[in-house]
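Protein chains in written order, with our numbering: chain G, 17 to 254; chain R, 9 to 123.
The block underneath contains the structure these notes are about, expressed in structure tokens.
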Amino acid sequence: MSNLQETWVYLNASPLFHLTLTLVAFQAANWLFEKGGRNPLLNPVLVAVILVVSVLYFTKTDYGTYFQGAQFVHFLLGPATVSLAIPLYRQWGRVSGSVLAIGISLLTGSVVAIVTAVGTAWLLGGSEILLASIAPKSATAPVAMAISQELGGVPSLTAVLVIVSGILGAMFGPILLNLIGVTDWSARGLAIGTASHGIGTARALQVNETAGAFSGLAMGLNAVATALLVPILWGLLF
Amino acid sequence: MIGYLTIILVCQLVGELIVGTLSISIPGPVLGMLILFLLLLIRGDLPAGLGQTADGLLRAMSLLFVPAGTGVMMHFKLLGEALLPLGAALVVSTAMTITVTALMMRWLKKAEADE
Chain G
17 MSNLQETWVY
27 LNASPLFHLT
37 LTLVAFQAAN
47 WLFEKGGRNP
57 LLNPVLVAVI
67 LVVSVLYFTK
77 TDYGTYFQGA
87 QFVHFLLGPA
97 TVSLAIPLYR
107 QWGRVSGSVL
117 AIGISLLTGS
127 VVAIVTAVGT
137 AWLLGGSEIL
147 LASIAPKSAT
157 APVAMAISQE
167 LGGVPSLTAV
177 LVIVSGILGA
187 MFGPILLNLI
197 GVTDWSARGL
207 AIGTASHGIG
217 TARALQVNET
227 AGAFSGLAMG
237 LNAVATALLV
247 PILWGLLF
Chain R
9 MIGYLTIILV
19 CQLVGELIVG
29 TLSISIPGPV
39 LGMLILFLLL
49 LIRGDLPAGL
59 GQTADGLLRA
69 MSLLFVPAGT
79 GVMMHFKLLG
89 EALLPLGAAL
99 VVSTAMTITV
109 TALMMRWLKK
119 AEADE
């Protein structure tokens, strides 16, 4: 028994355990997603996060300890983002044909994302700190966190809101797009990437390369648009 | 494979260096994506190995959000207190953004095609 406990103490302090936990949870979540006929409610990111949080809760592990192991996975987000240049290059023929349409749609979407998020939270009695934290939620996490900090929000809360926006878009975006009858892959991808950044893009890439390329492009452009628009719109509101 | 991964990391590093030096508010990796894209445009074709390396990373992209997503555990209290305004804002805003962006794009592409 004490041997087991010693082993546990050793493992819990090494990055291997929490790195493996992250991968195993994701594999299990993916398996469930496929078994469940790719039901959007079984979104693999969401299920994997629930599994990891449950294990951390039962083993009384804090997030900092977990992150020491998980940072190796987290680090790859940067190179993966750079890699979005490849689908964009492959689809460049389609993108360059509608530069103006992409620009206008993206700017409109970006304004809608900011105004409806702040507006809804304000109507339901959200404090100014919450409003500042949620305003940049459609931008990719590092940009959103920097903007949130500038407005007096809570950057780590913003990171959570960014991820939930991503999961929501990946889960329900395709259903919503079917409902309003938008079948064009470029429009679908652009919409998902504007609202749901990298998580939406990861999902879009699994379905269609054109959608994935437009989604990755929208994610990059919306990072810039949100960084420019949030301070301006915030100044108008407060 | 390692060679192509090096290219990707160098693009990210250059992106981070430019962002840090000029203190512009876009993330280094997003600028790195732009740099790699411009390099490919200049070169005029995509090396097969770079395509495979990038596709490998992108296939795993969902997994890469799990560590950041797990950060939710630090905010259970705050999220519980403000569940209604935050939850409703996220749902309404995500739905509106997707709808407006998709309809706008479809309309503008149709207008372009009709000209």
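All C-beta atoms, glycine included, are put in the ideal place defined by N, C-alpha and C.
* To do: Using a threshold of 8 Å, state whether the C-beta atoms of threonine 242 (chain G) and isoleucine 130 (chain G) are closer than that.
  => yes
* **Three-way DSSP call (helix, strand, coil) for threonine 32 (chain R) in this model** => It should be pointed out that residue 32 (chain R) corresponds to isoleucine in this sequence rather than to threonine. Three-state DSSP puts isoleucine 32 (chain R) in coil, outside helix and strand.
* Going by Cα to Cα distance, which pick from R:Arg114, R:Leu65, R:Ile106 is closest to threonine 97 (chain G)? -> R:Leu65
* Asked: Just to confirm, does isoleucine 145 (chain G) get its C-beta within under 7 Å of one of the non-hydrogen atoms of the ligand GTP?
  -> Only the bare structure without any ligand can be found here, which leaves the ligand GTP out of the picture.
* How should valine 115 (chain G) be labelled, buried or exposed, when 16 other C-beta atoms within 10 angstroms of its C-beta is the threshold for buried? -> exposed
* Should the stretch 230-246 of chain G be regarded as contacting the stretch 210-219 of chain G, the criterion being three or more beta carbon pairs within less than 8 Å? -> yes
* To do: Could you tell me whether the Cβ atoms of alanine 35 (chain G) and phenylalanine 83 (chain G) are closer together than 8 Å?
  => For the sequence presented, residue 35 (chain G) should be read as leucine rather than alanine. No, the pair does not count as a contact, with Cβ atoms beyond the cut-off.
* Interface residues of chain R facing threonine 210 (chain G) [CB-CB closer than 8 Å] -> Thr105, Ile106, Thr109
* glycine 23 (chain R) vs glycine 36 (chain R) beta-carbon contact at 8 Å -> yes
* **Local conformation of isoleucine 196 (chain G) per DSSP, three classes** => coil
* To do: Measure the alpha-carbon distance for threonine 75 (chain G) versus valine 68 (chain G) and round it to whole angstroms.
  => 11 Å
* To do: Would you mind telling me which residues of chain R sit closer than 7 Å to serine 121 (chain G), beta carbon to beta carbon, in chain order?
  => Thr109, Met112, Met113, Leu116
* Asked: With a Cβ-Cβ cutoff of 8 Å, do serine 101 (chain R) and alanine 133 (chain G) count as a contact?
  -> yes
* To do: Hey, could you find the ends of the alpha helix (DSSP H) aspartate 53 (chain R) is sitting in?
  => Note, aspartate 53 (chain R): premise wrong, no alpha helix (DSSP H); not H, not E.
* Same chain, Cβ closer than 7 Å to leucine 94 (chain R), five either side skipped, listed in chain order -> Leu87
* **Residue nearest to valine 260 (chain G) in terms of C-alpha spacing, selected from R:Leu111, R:Phe73, R:Arg114, R:Lys118** => This structure cannot settle anything about residue 260 (chain G), because the visible part of chain G is limited to 17 through 254.
* Asked: Considering glycine 232 (chain G), what are the terminal residues of the alpha helix (DSSP H) in which it resides?
  -> Per DSSP, glycine 232 (chain G) belongs to the alpha helix (DSSP H) from 225-253.
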